[in-house]
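Below: one structure, written as structure tokens.
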């Protein structure tokens with residue numbers, strides 16, 4: 001009697017749709033954050049989003065009921081630190097350089113994952129996407145603040161680490177349990193950096209508005225990304241993230257009436273083609289169940305050793 005393989009169909013299209021939904025939420029969340037940034041500053045908004053996201057995810061996932069191995073718990077902590085660095089680094093960058101330039105530099109993170117881990121056509125699609133990002137953002141225009149560039153590059157490094165660790169954490173823990181550990185870690189890290197300076201500025205309106213923005217960014221997109229990385233290779237996911245500048249351009253056109261330049265339109269076409277190519281070649285070969293079983297030893301309940 002023949003056995004049925006654990007992975008019998010291409011799950012990449014489903015993962016790609018999840019990644020696309022995550023990117024759409026990110027851009028809508030950034031657009032909604034603009035008004036709040038006038039009151040709290042970009043880093044204050046980032047801190048409030050992370051703080052609310054930590055509360056929401058802990059309430060939903062109830063991590064104290066889950067069981068983590070020591071290695072998985074360590075991955076979740078590192079993921080939280082990478083999340084804080086990625087979020088704060090990008091917000092600090094856009095205080096000093098244009099958002100388009102910051103986005104182009106930040107996308108070097110997932111693009112690097114795509115190039116390093118990609119095989120065959122996967123690497124070529126990453127290069128196509130890189131050219132598309134350059135066309136979208138045109139970073140060669142105008143003078144650039146080097147401090148802003150360094151913040152954006154730091155965010156890129158954190159994003160690359162985030163992609164790798166999110167995939168590992170998602171494989172090891174069911175649902176969004178890993179985020180219920182990593183997000184509080186990110187919120188605590190952000191509090192040490194900017195939290196004390198913005199607490200005095202909070203009022204009921206800012207708190208409630210921050211709750212809504214936290215759902216758009218990061219609760220929903222980070223959850224979708226974790227689920228997407230169970231169905232996509234990290235290289236394909238890194239390439240698909242290059243669709244985000246195209247989504248940002250559309251959001252800017254619809255909500256801010258920012259008309260794209262002709263070269264930006266060419267960039268959109270290139271990153272969409274790269275995204276399609278990554279979808280067709282980016283399915284993960286290993287069944288998730290097999291990966292989880294490798295992390296089953298030394299279970300550790302939250303707060304209780306075994």
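In full-length UniProt numbering, the protein residues as written are 1 to 306. All C-beta atoms in this analysis are idealised placements derived from N, C-alpha and C, irrespective of residue type, glycine included.
Contact check, residue i vs residue j, beta carbons under 9 Å
i, j, result
"residue 109", "residue 238", "yes"
"residue 236", "residue 15", "yes"
"residue 41", "residue 94", "no"
"residue 222", "residue 35", "no"
"residue 214", "residue 49", "yes"
"residue 76", "residue 178", "yes"
"residue 24", "residue 105", "no"
"residue 11", "residue 173", "no"
"residue 229", "residue 163", "yes"
"residue 51", "residue 187", "yes"
"residue 278", "residue 129", "yes"
"residue 18", "residue 224", "yes"
"residue 252", "residue 260", "yes"
"residue 245", "residue 107", "yes"
"residue 60", "residue 234", "no"
"residue 62", "residue 180", "yes"
DSSP-derived helix/strand/coil call for residue i
i, result
"residue 96", "coil"
"residue 229", "coil"
"residue 68", "strand"
"residue 174", "coil"
"residue 260", "coil"
"residue 202", "coil"
"residue 151", "helix"
"residue 41", "coil"
"residue 11", "coil"
"residue 388", "Any question about residue 388 goes unanswered here, given that the chain covers just 1 to 306."
"residue 140", "coil"
"residue 168", "helix"
"residue 49", "helix"
"residue 123", "helix"
"residue 255", "helix"
"residue 107", "coil"
Rounded separation between residue i and residue j - CA only
i, j, result
"residue 219", "residue 57", "7 Å"
"residue 270", "residue 124", "12 Å"
"residue 152", "residue 103", "8 Å"
"residue 176", "residue 167", "12 Å"
"residue 97", "residue 90", "10 Å"
"residue 101", "residue 138", "7 Å"
"residue 207", "residue 216", "15 Å"
"residue 92", "residue 231", "32 Å"
"residue 258", "residue 248", "10 Å"
"residue 250", "residue 83", "25 Å"
"residue 146", "residue 154", "12 Å"
"residue 66", "residue 184", "16 Å"
"residue 276", "residue 202", "43 Å"
"residue 131", "residue 33", "29 Å"
"residue 39", "residue 195", "14 Å"
"residue 272", "residue 111", "14 Å"
"residue 266", "residue 116", "26 Å"
"residue 140", "residue 99", "13 Å"
"residue 13", "residue 240", "11 Å"
Whole-number beta carbon distance between residue j and residue i, since they are thought to touch under 8 Å
i, j, result
"residue 268", "residue 136", "7 Å"
"residue 169", "residue 182", "7 Å"
"residue 46", "residue 78", "About 19 Å separates the two Cβ atoms, so there is no contact after all."
"residue 31", "residue 255", "5 Å"
Residue i, buried or exposed, once every other Cβ within 10 Å from all chains shown has been counted against 16
i, result
"residue 200", "exposed"
"residue 80", "buried"
"residue 212", "exposed"
"residue 159", "buried"
"residue 171", "buried"
"residue 332", "The structure shown has nothing for residue 332, since the chain only spans 1 to 306."
"residue 197", "exposed"
"residue 226", "buried"
"residue 85", "buried"
"residue 387", "Residue coverage of the chain in this structure runs from 1 to 306, which leaves residue 387 outside it and unanswerable."
"residue 204", "exposed"
Min CB distance residue i to chain D below 9 Å
i, result
"residue 255", "Structure shown: chain D not included; a single protein chain is present."
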